[in-house]
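J.:
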Amino acid sequence: MDDAARLRTSGRAVPSAIAALSLSKNKMGFGIGLYLVKTFIEAHGGTVSFKSKENAGTTFCIRLWRGRIGDG
C-alpha cells in the first residue's frame, strides 16, 4: 500500500520548456530543490511527479510505500 501527499501552489506555473529539467540535476540556474526532493524520496522507494498549468499553478505529488517495520 502506498500513501500520497499532494501540494498545490497557486503561483507561477513551471514552464513546459523546463518541466523535464526540474526533476533532474542541472546547471541551468533553476535550482536543485526539486532534484533533492526527488533523490530523497526515490532513495526511500517513492516517486515525485507534478503537473503544471499556466495561470493555474502547479500540483506536486509525492508517493511513498507504506509498510511495516521489518517488511524489508
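For the sequence shown, the working numbering begins at 40 and goes up steadily by one. We put the beta carbon where it would ideally sit given N, CA and C, even for glycine.
Can you tell me whether LYS92 is buried or exposed, with buried defined as 16 or more other CB within 10 angstroms of its CB?
T.: Its Cβ having fewer than 16 others within 10 Å, LYS92 is exposed.
J.: Our contact map puts ALA43 next to CYS100 with C-beta atoms below 8 Å; I'd like the distance itself, whole angstroms only.
T.: Right, their Cβ atoms sit about 6 Å apart.
J.: Residues in the same chain with beta-carbon distance under 7 Å from GLY96, minus the five sequence neighbours each way, listed in chain order, please.
T.: Excluding residues within five positions, the ones whose Cβ falls inside 7 Å are ARG47, THR48, SER49, GLY50 and ALA52.
J.: Compute the Euclidean distance between the alpha carbons of ARG45 and THR98, then round it to the nearest angstrom.
T.: Each residue's alpha carbon lies about 7 Å from the other.
J.: According to DSSP, simplified to helix, strand and coil, what is ILE80?
T.: Looking at ILE80 - three-state DSSP - the assignment turns out to be helix.
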